[in-house]
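Working notes, beginning with the structure itself.
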C-alpha cells in the first residue's frame, strides 16, 4: 500500500498556544483569561490555509438519469442538473452541458480535504469523470483557455488510482505542477476518468507549443510519486487537445488556433534553418517531423480519451 502523502507544506504548528500554568505569570490574570488565551491561540493556529488559486470541481457523466441516480456522487450531479433549464447547444458546446460543477469553490487546503475525503472515487462509474480545475477554466478541449493546450495522460490500475489521483491534485493546488512549466504557461487543471480496468489521470496545461513545459510536467510527476505508484513508460503519453478526433472548436476560436499553429511552424522552420546554416547542411523535411509542435510522445490509444468524441 502506498504511503500517505507528505503534507508538511500545508500544516502549521500549534506552538503559539498558550500553555502557561504559572499563576504568578504577568500574562495570565485569571483562569478564565487563560482559557480565552488558549482558545484564541488555537483558532489562530487552525485558521484556513489559503490556496494560491481558487479551484472548482466538475463531474461529467454521459449516462442517462437512471444510471445517474446510482451513487452519491452522481445523485449530487443529477440534483445540480435538475436545477437548470434545458439548454439547446451545438457543436462542441454539447459536451459542456454534461459538466456539473459540484459543491462550492475550493479556496483553502481545508476546503480541498473536505471535498476529497467526501468524494467516493471508487463509486465513479465507467466513462464518468471528475475534474479539479482552476477557476476560469473548464475541462473542455474547445474552451477558449484550453484550445492551444494539451495534457499528459497516465493510465493507472484502479487499486492505486485513488492514491495517485490525490497526489496529483495536491501537486496542482500546491503549485508544484505550475513551477514545472515554462514561463508564460499555466496549469489548467487535472482530471480522473474511469475505464474498464484503469483510471486515466490527466494533467492539462495551456500551451502545447512549449516543450519545456511538457518535459517539466512529466519530470515533476515522476519525481513526486513513490516507487509503488510510478507508472511504466508505456502507460503515459502526451497529446495536444487539437489532435483528438472529437476536437471541434467554434469558428472564432479555430481562427485563433490556426494563427497560433502558423506562428509555431514559422518559428520551427526558422530554428531549423538557423541550425542548417550553422552546420552548413540542409535538413530534409522528412526529418523535421512537420505537422505541429514537437511533443514528448505522439502515440495515443483510443481508450485514453478524457472526453468521448
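Residue numbers (the UniProt record's numbering): 1 to 309.
Idealized CB from N, CA, C, for every residue including glycine.
Look up residue i in the DSSP assignment and say whether it is helix, strand or coil.
i           : result
residue 129 : strand
residue 293 : Because residue 293 sits at a pLDDT of 45, beneath the cut-off of 50, its placement in the model cannot be relied upon, and the following sentence gives the value as read from the coordinates. In the structure shown, residue 293 sits in coil (DSSP, three-state: anything other than H, G, I, E or B).
residue 275 : helix
residue 113 : helix
residue 232 : coil
residue 261 : helix
residue 161 : helix
residue 213 : helix
residue 124 : coil
residue 147 : coil
residue 47  : coil
residue 170 : helix
Below 8 Å on the Cβ atoms is my guess for residue i versus residue j; work out the distance and round it to an integer in Å.
i           : j           : result
residue 179 : residue 190 : Residue 179 to residue 190, Cβ: 15 Å. No contact.
Excluding the 5 residues preceding and the 5 following residue i in the sequence, name in chain order all residues of the same chain whose CB lies nearer than 6 Å to its CB.
i           : result
residue 101 : 56 and 58
residue 53  : 134
residue 48  : 108 and 110
residue 112 : 106 and 173
residue 235 : 155
residue 137 : 145, 188 and 189
residue 99  : 58 and 60
Beta carbon of residue i, beta carbon of residue j: below 9 Å?
i           : j           : result
residue 250 : residue 141 : no
residue 107 : residue 176 : no
residue 60  : residue 135 : no
residue 320 : residue 253 : Lying outside 1 to 309, the shown extent of the chain, residue 320 is not represented and no answer is given.
residue 194 : residue 127 : yes
residue 257 : residue 242 : yes
residue 201 : residue 187 : no
residue 182 : residue 216 : yes
residue 197 : residue 261 : no
Excluding sequence positions up to five away, which residues of its chain have a Cβ less than 7 Å from the Cβ of residue i?
i           : result
residue 132 : 55, 57, 169, 172, 189 and 190
residue 103 : 57 and 115
At least one CB of chain B closer than 9 Å to the CB of residue i: is that the case?
i           : result
residue 199 : Annotation note: the requested chain B is absent from the structure, which comprises a single protein chain.
Subject >> Touch test, the segment 163-178 against the segment 224-235, Cβ-Cβ under 8 Å, three pairs minimum >> reply: yes
**OP:** Evaluate contact between the segment 259-268 and the segment 150-162, counting only Cβ atoms and requiring at least three cross-stretch pairs below 8 Å.
**Re:** no
Subject >> Three CB pairs or more closer than 8 Å across the segment 115-131 and the segment 206-223 >> reply: no
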